[in-house]
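The block underneath contains the structure these notes are about, expressed in structure tokens.
Residue numbers (this note's numbering), protein chains in the order written: chain A, 34 to 181; chain B, 375 to 552; chain C, 467 to 778.
The structure is reproduced here in structure tokens:
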């Protein structure tokens, strides 16, 4: 018969206490004050930090997505097209850029982004979506439908 | 950094001063609009940590229009912090005390409560009427379009205009208007 | 002392190996003596202080012949072994060797005289300098107008730039000179000498291609106005506008914002014949005018110059 629980009743946890604590203190090396020097305080903070890290791995993605959407909406507004029409129009025109690249284009390549809004707007017009054309009278996009 | 690169940065993060006429505008809808300009949400370079918000000057705050019976029913709560220090003020009462406060509170509550909110509010300049100090007026370079058109009141039409307005019928001569 | 140091290093490395080795990770415990021993070793190490900087050639496995051979091969160049060796010997090194030999002769009379290098690289440096100068003149004057070309020439032939290139070509350890660590000026002179050596071994064409590959490419991704900028851009542009064919250049205020605050921003456009030729921003109108002129210079002078040269 094997007693697996016997190990739990042993008071001493082995001679390598130093290295066990070392692992935790290493993670607390960049903290301030007693949080980095005292083991019993450090371990609480390290555990909490690791929990945060786990939670925020998901939150970071959500936050970034939110930021990208905000930037795209801002870009769309400058060219007088709604976010919904913009993404729909691009999807239908088979322009499959993700939010991140669209946001990057809006911030760093405004002319490219404007061309994309033109494409989306033209697609919306052709598909009969009710769209406000007042900010821009003519669209500089030539589509297959026009060539007929 | 060359001079060209330096001014590119300067121009990218330039503060624009917008003006907004609150005449006959719903303060709660306006708040959502003005918040965008104050926080810089209307720029594709927006980042919560970047200081890219603009200034907004709102004139005619005393002329705002609340929807429905909000003047009578909307209540603003305040507590002094002492026992029995709670007070409830109706919207029309608050407006009477300070004609800019309803719009200010609407914008303040439209933003998320973080450390940045108070600094963002510093960029909002509210004036009860059209008189804006010259040093503020000099900064302004853009106007924000009103959310809804301002209707013309009947008593602002001239007598001739009223007379020439096409009518379906004329009242009979012996008709008495009470 | 140094033997002791090395022993400490070897020992601590061995200890760490036992701790971090993945094969021994499932060992139940780390022995009690390991931590205090490492601590003591660290204490001794700190007490002694940092290890002195040593020449790479002082290490045991240093093989100068192999390094010389590999230097040309890894750059894809054919060097004459003799000339390359000569190009790496500086005047200061020769003098140092001679002094050393004299000292030896006075102390020990019987020992055979060691062979020392007689020739240094001074004439290769001169030759290399000339080649670099000629090549850059040729290359830059095709691309840029006179003033920026001069500034770029100066930028590329400065000691900082040449030593940067030399260092990353791996010349630092090969140089034979008195100074250690090798100074920037020595590195720069060696680079020139290597160019001279390449010219003598494989001809001028290879030397110029070498310069094109390793020196001229340092300009990539750099902003020209970081290297060259007219002192008063607006006046400078007005001065050259006529010869470029732009009449009646006038600055116009296009946009302004927050003019009454510290964050004032102005946008000024330079117009000639009702056409926009440059756009600039700035915190004052004067500043914006200057940057508009810079923009115009970049658009018209530098870019047109390239086009013109390409057509010719």
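Beta carbons are placed, not taken as given, at the ideal position from N, Cα and C, and that holds for glycine.
With DSSP as the reference, label residue i as helix, strand or coil.
{"i": "residue 525 of chain C", "result": "coil"}
{"i": "residue 622 of chain C", "result": "helix"}
{"i": "residue 520 of chain B", "result": "coil"}
{"i": "residue 493 of chain B", "result": "helix"}
{"i": "residue 468 of chain C", "result": "Since pLDDT at residue 468 of chain C reaches only 48, below the 50 mark, its modelled position is unreliable, and the value read off the structure follows with that caveat. Of the three classes helix, strand and coil, the one that applies to residue 468 of chain C here is helix, per DSSP."}
{"i": "residue 732 of chain C", "result": "strand"}
{"i": "residue 182 of chain A", "result": "The question about residue 182 of chain A has no answer here: the residues shown for chain A are numbered 34 through 181."}
{"i": "residue 703 of chain C", "result": "helix"}
{"i": "residue 449 of chain B", "result": "strand"}
{"i": "residue 737 of chain C", "result": "strand"}
{"i": "residue 555 of chain C", "result": "strand"}
{"i": "residue 499 of chain B", "result": "strand"}
{"i": "residue 514 of chain B", "result": "strand"}
{"i": "residue 506 of chain B", "result": "coil"}
{"i": "residue 158 of chain A", "result": "helix"}
{"i": "residue 597 of chain C", "result": "helix"}
{"i": "residue 630 of chain C", "result": "helix"}
{"i": "residue 655 of chain C", "result": "helix"}
{"i": "residue 65 of chain A", "result": "coil"}
{"i": "residue 710 of chain C", "result": "helix"}
{"i": "residue 439 of chain B", "result": "coil"}
{"i": "residue 662 of chain C", "result": "helix"}
{"i": "residue 572 of chain C", "result": "helix"}
{"i": "residue 667 of chain C", "result": "helix"}
{"i": "residue 4 of chain A", "result": "Chain A is shown only over 34 to 181; residue 4 of chain A falls outside these bounds and no answer can be derived."}
{"i": "residue 608 of chain C", "result": "helix"}
{"i": "residue 520 of chain C", "result": "coil"}
{"i": "residue 530 of chain B", "result": "helix"}
In chain C, what lies closer than 8 Å to residue i by C-beta?
{"i": "residue 389 of chain B", "result": "723, 724, 727, 729 and 731"}
{"i": "residue 512 of chain B", "result": "725 and 726"}
Which chain B residues sit within Cβ distance under 7 Å of residue i?
{"i": "residue 692 of chain C", "result": "376"}
Could you tell me which chain A residues have their CB closer than 7 Å to the CB of residue i, listed as they occur along the chain?
{"i": "residue 496 of chain C", "result": "49 and 52"}
{"i": "residue 415 of chain B", "result": "103 and 107"}
Got a sec, what are the start and stop residues for the beta strand (DSSP E) residue i sits in?
{"i": "residue 648 of chain C", "result": "Note, residue 648 of chain C: premise wrong, no beta strand (DSSP E); not H, not E."}
{"i": "residue 174 of chain A", "result": "Neither: residue 174 of chain A is in no beta strand (DSSP E) and is coded neither H nor E."}
{"i": "residue 463 of chain B", "result": "460 to 464"}
{"i": "residue 134 of chain A", "result": "From DSSP, residue 134 of chain A is part of no beta strand (DSSP E) but of the alpha helix (DSSP H) over 132 to 141."}
{"i": "residue 717 of chain C", "result": "715 to 723"}
{"i": "residue 748 of chain C", "result": "741 to 748"}
Under DSSP, the alpha helix (DSSP H) around residue i begins and ends at which residues?
{"i": "residue 37 of chain A", "result": "Segment: none, residue 37 of chain A is in no alpha helix (DSSP H) and carries neither H nor E."}
{"i": "residue 80 of chain A", "result": "72 to 111"}
{"i": "residue 477 of chain B", "result": "475 to 484"}
{"i": "residue 27 of chain A", "result": "Because residue 27 of chain A is not part of the residues shown, which for chain A are 34 to 181, the question remains open."}
{"i": "residue 762 of chain C", "result": "751 to 762"}
{"i": "residue 502 of chain C", "result": "500 to 514"}
{"i": "residue 120 of chain A", "result": "116 to 125"}
{"i": "residue 541 of chain B", "result": "Unbroken run through residue 541 of chain B: none, as it is neither H nor E."}
{"i": "residue 813 of chain C", "result": "Residue 813 of chain C lies beyond the stretch modelled for chain C, which goes from 467 to 778, so this question has no answer here."}
{"i": "residue 678 of chain C", "result": "670 to 680"}
{"i": "residue 692 of chain C", "result": "690 to 693"}
Could you tell me which chain B residues have their CB closer than 8 Å to the CB of residue i, listed as they occur along the chain?
{"i": "residue 100 of chain A", "result": "420, 421 and 422"}
{"i": "residue 653 of chain C", "result": "Ordered by position in chain B, no residue passes the 8 Å Cβ test against residue 653 of chain C, which lies about 27 Å from the chain."}
{"i": "residue 761 of chain C", "result": "378"}
{"i": "residue 110 of chain A", "result": "416"}
Could you work out which residues of chain C lie near residue i, taking near to mean beta carbons separated by less than 7 Å?
{"i": "residue 379 of chain B", "result": "689"}
{"i": "residue 509 of chain B", "result": "726"}
Give me the chain C residues within the contact set of residue i, using Cβ-Cβ distance strictly less than 9 Å, ordered along the chain.
{"i": "residue 515 of chain B", "result": "721, 722, 723, 724 and 725"}
Anything in chain B within Cβ reach of residue i, meaning under 9 Å, just list it in chain order.
{"i": "residue 159 of chain A", "result": "By Cβ distance, chain B contributes nothing, its closest Cβ being about 26 Å from residue 159 of chain A, past 9 Å."}
So which residues of chain A does residue i contact, with C-beta pairs closer than 8 Å?
{"i": "residue 617 of chain C", "result": "Here the premise fails: no neighbours, minimum Cβ distance about 29 Å."}
For this session: Identify every run of the beta strand (DSSP E) within the segment 385 to 433 of chain B, keeping only runs that are complete inside it and at least 3 residues long; order them along the chain.
Result: 391 to 395 and 429 to 433
Select from the segment 747 to 758 of chain C all residues with a C-beta closer than 9 Å to any C-beta belonging to chain B, and list them in chain order. 747, 748, 749, 753, 754, 756 and 757
**Prompt:** Of all the residues that make up the segment 674 to 704 of chain C, which are near chain B by a beta-carbon distance shorter than 7 Å?
**Reply:** So the list reads 689, 691, 692 and 695, given in the order they occur along the chain.
Q) Got a sec: which bits of the segment 500 to 511 of chain C sit with their beta carbon under 7 Å from any beta carbon on chain A, in order along the chain? A) 501
Notebook entry, point to check: What are the residues of the segment 127 to 141 of chain A that lie near chain B, defined by any Cβ-Cβ distance shorter than 8 Å?
Noted result: Listed by position, the residues of the segment 127 to 141 of chain A near chain B (Cβ gap below 8 Å) are 136, 139 and 140.
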